[in-house]
Amino acid sequence: MAYDKFTTLTSAAVPLPIENVDTDQIIPARFLKATERVGFGDNLFRDWRYHQDGTPKEDFVLNQSTYSGKILVGGKNFGSGSSREHAAWAVYDHGFRCVISSFFADIFRNNCLNIGVLPVQVSPAFLEEIFKSIEKDPATTLEVNLRNQTVSLLATGTTESFAINPYKKENMQNGYDDIDYLLNLKDSIQDFAQNTPL
Amino acid sequence: MSKTLFDKVWDAHVVHQVKDGPDVLFIDRHMIHEVTSPVAFLGLKNRNIKVLYPKRTFATADHNTPTLNQHLPVEDPLSANQLKALEENAKEHGISFWGLGHKKNGIVHVVGPEYGITLPGATMVCGDSHTSTHGAFGAIAFGIGTSEVEMVLASQCVMQPKPKKMRITVSGELQFGVTPKDVALFIISQLTTSGATGYFVEYAGPVFEQMSMEGRMTVCNLSIEMGARGGMIAPDQKTFEYIQDREFTPKGADWDKAMAYWNTLHTDADASFDKELTFDGANIEPMITYGTNPGMGTGITHHIPTADTIEGGEATYQKSLDYMGYKEGDALLGKKIDYVFLGSCTNGRIEDFRAFTELVKGRKRADHVTAWLVPGSHKVLDAIKNEGLFDTLTDAGFELREPGCSACLAMNDDKIPAGKYAVSTSNRNFEGRQGPGSRTLLASPTVAAAAAVTGRVTDPRELINA
Ligand code: SF4
Chain R
10 MAYDKFTTLT SAAVPLPIEN VDTDQIIPAR FLKATERVGF GDNLFRDWRY
60 HQDGTPKEDF VLNQSTYSGK ILVGGKNFGS GSSREHAAWA VYDHGFRCVI
110 SSFFADIFRN NCLNIGVLPV QVSPAFLEEI FKSIEKDPAT TLEVNLRNQT
160 VSLLATGTTE SFAINPYKKE NMQNGYDDID YLLNLKDSIQ DFAQNTPL
Chain D
362 MSKTLFDKVW DAHVVHQVKD GPDVLFIDRH MIHEVTSPVA FLGLKNRNIK
412 VLYPKRTFAT ADHNTPTLNQ HLPVEDPLSA NQLKALEENA KEHGISFWGL
462 GHKKNGIVHV VGPEYGITLP GATMVCGDSH TSTHGAFGAI AFGIGTSEVE
512 MVLASQCVMQ PKPKKMRITV SGELQFGVTP KDVALFIISQ LTTSGATGYF
562 VEYAGPVFEQ MSMEGRMTVC NLSIEMGARG GMIAPDQKTF EYIQDREFTP
612 KGADWDKAMA YWNTLHTDAD ASFDKELTFD GANIEPMITY GTNPGMGTGI
662 THHIPTADTI EGGEATYQKS LDYMGYKEGD ALLGKKIDYV FLGSCTNGRI
712 EDFRAFTELV KGRKRADHVT AWLVPGSHKV LDAIKNEGLF DTLTDAGFEL
762 REPGCSACLA MNDDKIPAGK YAVSTSNRNF EGRQGPGSRT LLASPTVAAA
812 AAVTGRVTDP RELINA
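Sequences listed follow chains R and D, in order.
Letter by letter, the first sequence follows residues 10 to 207 in the numbering used here.
Letter by letter, the second sequence follows residues 362 to 827 in the numbering used here.
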């Protein structure tokens with residue numbers, strides 16, 4: 010599915026300073042029963058966000074109006090566990106376009122890139138600084154510049170660069186997805202298939 | 362140039378290399394299920410394209426299916442709708458479909474090997490992270506997201522950068538009472554849940570060479586729990602004997618041609634890895650987890666580690682123990698158990714049921730324990746009956762359910778109630794994984810059996826000796 014182009018994002022951020030946030034927390038399995046990609050944002054972090062009777066848990070960050078923005082900042086090893094793309098959909102649906110962490114699980118990172126959410130890996134020290142800044146001032150603004158591959162804390166000017174595969178970067182900037190690319194390769198793929206041993 | 366097993370299989374499947382980008386990797390066999398495929402088929406519809414190679418995709422219903430009364434219509438309308446979508450999509454595109462009640466139905470990673478869909482030297486993907494299971498046969502197998510499921514349906518390829526390579530060697534011999542699950546949980550406890558992120562793992566050494574194919578599947582299955590894309594083991598005589606004559610295995614001249622390829626599938630003596638780890642098998646004891654990720658495991662006779670000995674933040678560690686209702690320094694032996702779950706693609710195969718039955722034989726299920734015994738497939742269920750395990754289990758007070766993923770992810774009605782403790786042979790002890798508020802202790806079928814008859818965390822070696 011094509012998605013919106015990503016160039017620069019300037020926004021406040023929502024902090025989630027917990028390590029090993031797994032995809033079962035991002036979206037529990039019982040909310041994976043849809044056959045269309047709609048409404049997953051409502052169940053983002055369902056069990057951290059709501060009591061079992063459906064009332065919001067006041068102390069969870071998504072329920073606090075102090076925090077807002079299109080950037081989610083998570084602890085180390087964000088998105089571990091299942092391959093469910095629904096986790097990335099839920100993040101996107103809720104309105105996040107970028108997730109910052111000091112370390113991402115592979116499949117989650119890939120899924121994000123495939124649907125237009127930018128995973129930005131920063132150093133543990135910078136992550137700490139981002140958390141501290143938001144704690145001091147929830148309105149702290151971050152700027153994520155995809156072209157320059159930088160993320161900055163605007164108030165202090167602290168900037169760090171991040172890595173992204175040039176092909177994926179190009180896709181994100183243009184809103185392309187891999188299927189467009191693969192469909193153009195169809196002839197080579199069919200030639201290849203003729204000669205596979207299995 | 363010398364190559365690793367992983368290099369050989371990967372390189373043989375690269376259709377195209379994107380400059381400064383990922384490889385376009387040809388996928389030999391693709392498995393789909395009801396949960397992660399519907400949106401992919403919608404994508405095809407929106408682009409107005411068909412599945413490129415329908416014979417290379419295999420569909421089974423498992424994640425969402427009930428494990429009781431499978432002959433009746435599925436009650437939950439959302440689940441029923443997802444199952445119907447899988448059936449219709451498979452039919453529309455000419456994909457083989459083993460739905461609920463079909464005699465070949467079962468968990469995707471259990472039926473793949475059973476019917477010879479899984480082959481050495483193949484590339485395999487599925488929208489489920491435990492696709493790594495199939496690496497036991499020397500395949501490159503990994504989980505993918507729904508966008509990638511769509512890519513495979515549309516083009517039989519995925520686009521991925523080649524991962525780094527790690528070799529994990531376990532030398533020596535396993536001690537009495539130690540099973541493949543313990544080996545895997547031990548390795549994960551050493552590496553943590555993110556220790557192998559970015560890597561594809563090859564398991565090597567005498568412990569894996571001696572392991573059965575089913576044991577190898579358990580180990581490769583759990584590769585993802587230390588963050589690895591997948592894990593694999595070089596195919597050997599045992600592998601070839603296992604796959605020969607299965608339904609989708611090559612036959613006749615095709616078999617000979619495949620064998621010629623398969624015989625090249627081993628890591629060359631001087632090939633190099635980005636990371637090498639070695640463990641002594643003799644140091645592994647029956648394992649159990651105490652926290653909320655699979656890396657939080659330890660030998661069953663140990664105490665819960667104190668925060669200062671743990672890598673990672675103290676707050677996260679305490680949050681995890683609070684969720685479990687445990688404290689630093691607690692002994693694990695003797696902890697009370699409410700539920701036992703035997704099943705999943707990690708430990709839902711016939712050997713797992715044999716191991717469980719062996720231990721409960723002549724004993725009785727503890728009165729306060731609810732046990733869910735869920736075979737990984739109909740083939741496993743039939744074997745349980747044919748081998749007489751069923752009667753032994755019944756005598757010991759256990760009942761069998763019908764095949765499916767069940768409480769592994771608790772998408773159906775098999776949910777562990779909030780606050781209850783379950784010893785589970787599955788693969789994830791995440792918060793709420795087995796139902797909102799559920800508390801999971803991961804372990805082997807043998808440890809699960811010991812818990813089922815005593816109602817507590819118990820060292821199975823004491824029961825086997827007795
Ligand atoms: S048993 Fe669990 S891990 Fe295995 S395929 Fe089913 S849900 Fe996935």
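We put the beta carbon where it would ideally sit given N, CA and C, even for glycine.
Since the structure is predicted, the reported quantities are computational estimates derived from the model, not experimental observations.
- The C-beta distance from residue 490 of chain D to residue 116 of chain R rounds to 6 angstroms, short enough to fall under 8 angstroms.
- The Cβ atoms of residue 12 of chain R and residue 146 of chain R lie no closer than 9 angstroms to each other.
- Taking 3 residues as the shortest admissible run, the stretch 463-519 of chain D contains the following complete beta strand (DSSP E) segments, listed from N- to C-terminal end: 484-487 and 501-504.
- If you ignore the 5 residues before and after residue 778 of chain D, its C-beta comes within less than 6 angstroms of no other C-beta in its own chain.
- Within the same chain, Cβ atoms closer than 7 angstroms to the Cβ of residue 599 of chain D are found at 574, the five residues on either side in sequence being excluded.
- For residue 418 of chain D, the distance from the CB to the nearest heavy atom of the ligand SF4 is not below 8 angstroms.
- Remark: the shortest separation between the CB of residue 549 of chain D and any heavy atom of the ligand SF4 does not fall under 8 angstroms.
- At a cut-off of 9 angstroms, the C-beta of residue 67 of chain R has no neighbouring C-beta in chain D.
- With contacts defined as CB atoms closer than 9 angstroms, residue 559 of chain D and residue 524 of chain D qualify as a contacting pair.
- Look at residue 33 of chain R: its beta carbon is at least 8 angstroms from all of the heavy atoms in the ligand SF4.
- Cβ-Cβ distances below 8 angstroms link residue 636 of chain D to 525, 526, 527, 528 and 560 in the same chain, with the five nearest sequence neighbours on each side left out; the list follows chain order.
- A residue is called buried once 16 or more other Cβ atoms fall within 10 Å of its Cβ, and residue 24 of chain R is buried on that count.
- Rounded to the nearest angstrom, the gap between the Cα atoms of residue 104 of chain R and residue 195 of chain R is 35 angstroms.
- The Cβ of residue 704 of chain D sits no closer than 9 angstroms to any Cβ of chain R.
- Taking 3 residues as the shortest admissible run, the stretch 62-102 of chain R contains the following complete beta strand (DSSP E) segments, listed from N- to C-terminal end: 80-83.
- For the stretch 35-47 of chain R, the set of residues with a beta-carbon nearer than 8 angstroms to any beta-carbon of chain D comprises 37, 38, 39, 41, 42, 43, 44, 45 and 46, in chain order.
- Look at the stretch 511-530 of chain D: the residues with a C-beta under 9 angstroms from a C-beta of chain R are 511, 512, 515, 516, 517, 518, 519, 520, 521, 522 and 524.
- About 2 angstroms separates the beta carbons of residue 467 of chain D and residue 738 of chain D, which is inside the 8 angstroms limit, making them a contact pair.
- The ligand SF4 has a heavy atom closer than 8 angstroms to the beta-carbon of residue 770 of chain D.
- Per the DSSP secondary-structure output, residue 162 of chain R pairs in a beta bridge with R:151.
- Contacts with chain D at 9 angstroms (Cβ-Cβ) include residue 89 of chain R.
- Taking all protein chains in view, the Cβ of residue 203 of chain R is surrounded by fewer than 16 other Cβ atoms within 10 Å, so the residue is classified as exposed.
- Short of 6 angstroms from the beta carbon of residue 805 of chain D, and not among the five residues preceding or following it, lie these beta carbons of its own chain, in chain order: 540, 542 and 543.
- A check of alpha carbon separations from residue 712 of chain D across D:577, D:557, D:518 and D:454 identifies D:577 as the nearest.
- At a cut-off of 9 angstroms, the C-beta of residue 409 of chain D has no neighbouring C-beta in chain R.
- Listed along chain R are 27, each with a C-beta nearer than 9 angstroms to that of residue 680 of chain D.
- Non-local C-beta neighbours of residue 521 of chain D in its own chain, meaning closer than 7 angstroms and more than five positions away in sequence, comprise 383, 384 and 386, ordered along the chain.
- Annotation: the continuous alpha helix (DSSP H) that includes residue 685 of chain D extends over 675-685.
- Between the ligand SF4 and residue 468 of chain D, a heavy atom-to-CB distance of less than 8 angstroms is present.
- Exclusion of the five residues before and after residue 41 of chain R leaves 93 and 95 as the residues of its chain whose Cβ lies within less than 8 angstroms of its Cβ.
- Chain order gives the chain D residues near residue 194 of chain R as 376, 377, 385, 516 and 518, where near means a beta carbon separation below 9 angstroms.
- Taken in chain order, the complete alpha helix (DSSP H) segments of 4 or more residues contained in the stretch 621-709 of chain D are 675-685 and 705-708.
- In this structure, residue 766 of chain D lies near residue 426 of chain D, with their beta-carbon atoms less than 9 angstroms apart.
- Listed along chain R, the residues sitting closer than 8 angstroms to residue 483 of chain D by beta-carbon distance are 207.
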